[in-house]
Amino acid sequence: MSVDVVVSSETIVAGVVRIDPSLLRFPAVPPPTGIAPVDVLGAFARGDAEDFHLVTSQEIVESALSSLDRVYGFDFEHRDLVHREIERLLLVSGGGVVSTARALQVPSNVGSAASEALSCAVSADLGHPRTVVVVTDDAAATRLSAWRPPGVPWSPESHLQILDPLAFNALVEEVRRRRRRI
């Protein structure tokens, strides 16, 4: 079983700013830290590219890097380091960068970071059928349990789940614990 996972830009930012800059190489993060956004990123570093694949879009990466600059004052060197680490996590996890679905209709109470993540999750680049998990701190988005993308081709065999970082980390631990038993 493999699951594509789209992590929203606000979750990426929350994870990155809580990692000690001297330990920015994500394999230094495991075992789980107890800080949900950090552990979301660490899940891809600890994985073996058979279970959870980090998938992102250029828009998500740019939003995360822009927030790191604007809100946290990351200089070019740290911004570049984060960008390289995101690229490495994509590679290590077996994921990649996809184009976003254009003109996706998302409920108006869902924030822009979660909307970007949903647009990435329904990208035609991922094919059908698919299983996609979106990880976001956006409470309005996580309440969209039965949401299906209007105006975008969507196979009945495809599944989309929207989880907050704590729920995603619990899912990762459960899947990996079950796999170890086999």
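Position 75, counted from 1, in the sequence shown is what our numbering calls 58; the numbers after and before it change by one each time, with no gaps.
Glycine is no exception: its CB is placed at the ideal position from the N, C-alpha and C atoms.
Query: Taking 8 angstroms as the cut-off, does the region 63 to 79 touch the region 35 to 45 (at least 3 CB pairs, one atom from each stretch)?; Result: yes
Query: S98 and S47 - do their beta-carbons sit closer together than 8 angstroms?; Result: The amino acid occupying residue 47 in the given sequence is Ala; Ser does not appear at that position. Result no, Cβ atoms of A47 and S98 do not sit closer than 8 angstroms.
Query: Does DSSP classify T(-6) as helix, strand or coil?; Result: helix
Query: Given V(-4), which residues of its chain have a CB within under 7 angstroms of its CB, disregarding the five upstream and five downstream residues?; Result: A47, S50 and L51
Query: Touch check for the region 20 to 29 and the region 58 to 67: three-plus C-beta pairs under 8 angstroms?; Result: no
Query: To the nearest angstrom, how far is it from the Cα of A124 to the Cα of R164?; Result: 33 angstroms
Query: According to DSSP, is P10 part of a helix, a strand, or is it coil?; Result: Model confidence at P10 stands at a pLDDT of 45, short of 50, so the residue's coordinates are unreliable; what they give is reported in the following sentence. Helix at P10.
Query: Got a sec? Which residues, its chain only, sit under 6 angstroms from I145 by beta carbon, not counting five neighbours each side?; Result: V117, A124, T125 and L127
Query: Have a look at G56 and G77 and give me their C-alpha separation to the nearest angstrom.; Result: 31 angstroms
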